[in-house]
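K.L.:
Following this message is one structure expressed as structure tokens.
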Amino acid sequence: MGQTVLPIFYDVDPSEVRHQTGSFATAFGKHEECFDGDMVQRWRSAFTLAANLAGGNLRNTDGYEGKFIRKVVDDITRRLKSLNNTYPDVPTNQIGIDSRVQLISNELDVGGSNNVHIIGILGMVGTGKTTVAKAIFRRFHQMFEGSCFLSKVREEDMVKLQIKLLSDILKLANVEVSSVDQGTKEIKRRLGRMRVLVIIDDVDCVKQLHELAINRDTFGPGSRIIIITRDKHLLKILEVDKTCTAQIMNKEEALELFCCHAFTESYPADQEYLELPSKVVNYCGGLPLALEVLGSYLCTKLKSEWRSALRKLKRHPHMPIYEKLKISYDGLIDDDVKDYSLTYLVSLLE
């Protein structure tokens with residue numbers, strides 16, 4: 001089944017379990033008097049299989065239960081941490097995140113209503129939708145029977161997405177799906193009774209959600225589904241329970257985020273740079289992506305280069321921030337890194 005089993009041998013040697021000797025021989029002798037021979041043989045085979053698995057043996061710790069329990073707990077903790085590595089990373093910089101997470105958490109009502117809730121997170125590129133969703137996933141995923149965060153749905157192969165959804169929720173490593181249609185049927189068949197948390201990022205087509213069997217009938221009572229998109233019409237078609245619009249940063253949050261990337265601290269230590277961050281922030285429109293991109297680029301740059309960037313932004317006061325960023329990069333980045341930086345930036349903004 002692909003599941004992890006950790007047998008615990010409490011004051012018994014695995015060989016006694018494997019061969020049904022000692023106290024096990026006595027117990028099985030009694031079972032043979034009361035139960036069908038085929039059934040008893042199946043029990044023997046099950047014990048043999050269990051004893052062949054790697055597990056914890058109390059006798060290997062000199063019989064000290066506390067030491068034994070600690071060893072088992074450490075082993076399970078290590079295994080769980082390994083599983084958690086498949087979960088989306090949340091940026092260490094949490095500026096402006098907590099309040100936005102709380103707003104959406106209130107709508108999710110985790111642990112409250114037993115209905116299946118579908119929440120939409122709507123917003124333009126760069127507003128931090130995905131970052132907030134990752135933080136929500138980290139906060140709540142352990143409160144469900146199964147959970148899955150599907151990233152870049154617009155770009156990924158659908159069969160791979162279906163396999164990930166099944167694998168993550170069922171905690172199986174060998175899920176096989178040969179076609180999209182089969183994957184949709186498997187999701188409906190295998191997840192219908194489970195209480196799950198599913199977050200689907202970068203959705204731009206209703207068909208994607210249909211192929212992932214995302215609807216209120218697919219999952220068990222109390223499930224929560226979050227759909228991240230730029231398409232308001234898509235959320236209307238799905239009749240989501242609530243649409244949460246991603247909020248841009250206020251000026252204080254924007255200034256702090258920009259400075260963290262430009263100076264690696266909340267505010268510049270160099271007095272010469274005190275007036276420059278506020279001017280840059282005014283042109284970024286409170287968009288986290290824009291603040292991070294410009295802040296990271298201007299980090300370690302001379303004051304003259306900062307002023308040059310500001311001049312380029314001022315030339316286009318009515319242009320969307322994404323176009324301003326492109327102009328800034330075109331004019332400021334060295335030729336040997338310009339292509340890579342622009343390609344990376346455009347891939348984020350398209």
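Numbering-wise (the UniProt record's numbering), the sequence shown opens with residue 1 and increments by one.
Cβ coordinates follow ideal geometry from the N, Cα and C atoms, glycine included.
Assuming contact is defined by CB atoms lying nearer than 9 Å, are Ile121 and Thr243 in contact in what I supplied?
P.N.:
Yes; because the gap between Cβ atoms is below 9 Å, this pair is in contact.
K.L.:
Candidates Ala290, Gly112, Leu276: which alpha carbon is nearest Leu310's?
P.N.:
Residue Leu276 is the option with its Cα nearest to Leu310.
K.L.:
So, helix, strand or coil for Phe144, using DSSP?
P.N.:
Reduced to three states, the DSSP call for Phe144 is coil.
K.L.:
Let's test the definition: count the other Cβ atoms within 10 Å of the Cβ of Thr300 and tell me whether it reaches 16, buried, or not, exposed.
P.N.:
Counting Cβ neighbours within 10 Å, Thr300 comes out exposed, since fewer than 16 surround it.
K.L.:
Are the region 245-255 and the region 144-155 touching, with three or more C-beta to C-beta distances below 8 Å?
P.N.:
Contact fails: fewer than three Cβ-Cβ distances are below 8 Å.
K.L.:
On the three-state DSSP scale, how would you describe Cys34?
P.N.:
Cys34: helix per DSSP, three-state reduction.
K.L.:
What's the C-alpha gap between Val198 and Gly126?
P.N.:
Distance between the alpha carbons of Val198 and Gly126: 22 Å.
K.L.:
How far does the alpha helix (DSSP H) with Leu191 in it reach, from first residue to last?
P.N.:
Unbroken alpha helix (DSSP H) run through Leu191: 180-191.
K.L.:
Taking Cβ to Cβ, would you say Arg190 is nearer than 9 Å to Leu170?
P.N.:
Yes.
K.L.:
Helix, strand or coil: which one does DSSP assign to Phe9?
P.N.:
It is a strand residue.
K.L.:
So what does DSSP say about Val198, is it helix, strand or coil?
P.N.:
Strand.
K.L.:
Return helix, strand or coil for residue 360, following the three-state DSSP convention.
P.N.:
Past the boundaries of the shown model lies residue 360; the chain is included only from 1 to 350, so the question cannot be answered.
K.L.:
What residue range does the alpha helix (DSSP H) around residue 354 cover?
P.N.:
Shown here, the chain extends from 1 to 350; a query on residue 354 therefore has no answer.
K.L.:
Considering only the beta carbon of each residue, do Ser223 and His261 sit closer than 9 Å?
P.N.:
No. Outside cutoff.
K.L.:
With DSSP as the reference, label Gly120 as helix, strand or coil.
P.N.:
In this structure, Gly120 counts as strand in the three-state DSSP scheme.
K.L.:
Rounded to a whole number of angstroms, what is the C-alpha to C-alpha distance between Gly96 and Leu257?
P.N.:
When rounded, the distance between both Cα atoms is 9 Å.
K.L.:
Using the beta-carbon count (16 or more within 10 Å), is Gly37 buried or exposed?
P.N.:
Label assigned to Gly37: exposed.
K.L.:
Look at the alpha carbon of His117 and the alpha carbon of Asp241, and state the distance between them as a whole number of angstroms.
P.N.:
Those two C-alpha atoms are separated by around 6 Å.
K.L.:
I believe Leu6 touches Gly55 by the beta-carbon criterion, under 8 Å. Please report the beta-carbon distance rounded to the nearest angstrom.
P.N.:
Between Gly55 and Leu6 the Cβ distance is about 5 Å, and since that is below 8 Å, they are a contact.
K.L.:
Can you look up Gly126 in the DSSP assignment and give me helix, strand or coil?
P.N.:
Coil.
K.L.:
Leaving out the 5 sequence neighbours to the left and right, which residues in its chain are closer than 6 Å to Leu289 when beta-carbon positions are compared?
P.N.:
Contacts found: Gly126.
K.L.:
Return the bridge partner residues of Gly56 from the DSSP annotation.
P.N.:
Per DSSP, Ile8.
K.L.:
Taking all protein chains shown into account, decide if Leu209 is buried (16 or more other Cβ within 10 angstroms of its Cβ) or exposed.
P.N.:
Buried is the call here.
K.L.:
Short of 6 Å in beta carbon distance, which residues of its chain neighbour Arg154, apart from the five on each side in sequence? Order them along the chain.
P.N.:
Cβ within range, chain order: Asp202, Asp204.
K.L.:
By alpha-carbon positions, which one of Cys34, Leu166, Asp181 ends up nearest to Val175?
P.N.:
Minimum Cα distance to Val175 is reached at Leu166.
K.L.:
Compare the beta carbon distance of Ile227 and Ile214 with 9 Å and say whether it is the shorter of the two.
P.N.:
The answer is yes: Cβ separation under 9 Å.
K.L.:
Please name the residue in Ser113, Val101, Asn106, Gly123 whose C-alpha comes closest to that of Ala135.
P.N.:
Taking only the C-alpha atoms, the option nearest Ala135 is Val101.
K.L.:
If you measure between the beta carbons of Gly192 and Met158, is that distance less than 9 Å?
P.N.:
No, they are not a contact pair.
K.L.:
Quick one: what's got a C-beta closer than 8 Å to Val180's C-beta in the same chain, skipping five residues either side?
P.N.:
Contacts found: Met158, Val159, Gln162, Glu211.
K.L.:
What number of angstroms, rounded off, separates the C-alpha of Phe137 from the C-alpha of Leu302?
P.N.:
Rounded to whole angstroms, Phe137 to Leu302 spans 40 Å at the Cα level.
K.L.:
Between the Cα of Asn114 and the Cα atoms of Val196, Arg139, Thr130, Val177, which residue gives the shortest distance?
P.N.:
If we check each option's Cα against that of Asn114, Val196 comes out closest.
K.L.:
On the criterion of 16 or more Cβ atoms from any shown chain inside 10 Å, does Gln20 qualify as buried, or is it exposed?
P.N.:
With 16 or more other Cβ atoms within 10 Å, it is buried.
K.L.:
What are the start and end residues of the alpha helix (DSSP H) that includes Arg18?
P.N.:
Its alpha helix (DSSP H) spans residues 14-19.
K.L.:
Please state whether DSSP places Leu150 in a helix, a strand or coil.
P.N.:
Of the three classes helix, strand and coil, the one that applies to Leu150 here is strand, per DSSP.
K.L.:
Terminal residues of the continuous alpha helix (DSSP H) containing Lys164?
P.N.:
It spans 158-170 - the alpha helix (DSSP H) in which Lys164 sits, taken as one unbroken run.
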